[in-house]
Amino acid sequence: MSFTNRLRESHRRYRSEEDILKDEHLRKLSLLLDVKSINIDESSTQLKLVKEINKNWRNNFIEDATKILKLKRRKKCEKDLIKKLSIKNSKIQDKIDQTLEEIKEVEANTSLLNYKLKMAELKKTRTVKARTPVTKDDRFEKQMTKIYKRCMTVRGNEYFYKN
128 MSFTNRLRES HRRYRSEEDI LKDEHLRKLS LLLDVKSINI DESSTQLKLV
178 KEINKNWRNN FIEDATKILK LKRRKKCEKD LIKKLSIKNS KIQDKIDQTL
228 EEIKEVEANT SLLNYKLKMA ELKKTRTVKA RTPVTKDDRF EKQMTKIYKR
278 CMTVRGNEYF YKN
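Counting from 128, one number per residue, gives the positions in the sequence shown under the numbering used here.
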């Protein structure tokens with residue numbers, strides 16, 4: 128055998144061991160990804176193990192994905208709830224503001240109505256006094272009270288002459 132032939136054989140042997148290691152590594156990686164992509168020409172027990180490992184990995188991945196989705200949904204639900212509550216709070220605050228304004232208007236209207244009622248009562252009493260017919264006796268009494276007021280002082284219910 129020539130030197131080159133020996134080199135080729137040794138290189139084949141070395142390469143075949145390296146290829147075997149690469150194949151095992153690729154198999155392990157492909158187990159994680161997908162069973163269908165692996166071409167296994169070995170016993171069915173290894174195939175079962177591969178399928179089982181793949182199922183476990185898929186189940187774990189699915190569980191993790193569902194957990195993440197649930198968390199995202201919770202966060203989204205929380206955000207939606209916060210939005211709804213803030214909208215409800217703003218609506219409630221608007222209603223409270225409206226009722227306070229209405230109360231102020233009612234209070235203003237009631238105070239105005241009370242004032243108008245008092246003025247109407249005063250006008251009624253004035254108009255009633257003005258509408259009553261004035262008799263001669265009433266005129267005489269008015270004149271006498273004017274005279275008394277000029278000449279006399281009033282202490283209690285009695286009149287006294289001024290000095």
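Glycine included, each C-beta is placed from N, C-alpha and C at the ideal position.
| query | Where Lys222 and Ile209 are concerned, what is the direct C-alpha to C-alpha distance, given to the nearest angstrom? | reply | 19 Å
| Cα-Cα separation between Asn236 and Lys211, rounded to whole angstroms | Cα to Cα, Asn236 sits roughly 37 Å from Lys211.
| task | Using the Cα positions of Phe267 and Lys273, report the straight-line distance between them to the nearest angstrom. | result | 10 Å
| Expressed to the nearest angstrom, what Euclidean distance is found between the alpha-carbon atoms of Asn186 and Lys215? | 42 Å
| query | Alpha carbon to alpha carbon, how far is Ile180 from Lys202? | reply | Distance from the CA of Ile180 to the CA of Lys202, rounded to the nearest whole angstrom, comes to 33 Å.
| CB-CB under 6 Å to Lys218, same chain, minus the five flanking residues each way: which ones, in chain order? | none
| task | Enumerate in chain order the residues of its own chain whose CB-to-CB distance from Leu198 is below 6 Å, with the five nearest sequence positions on each side excluded. | result | none
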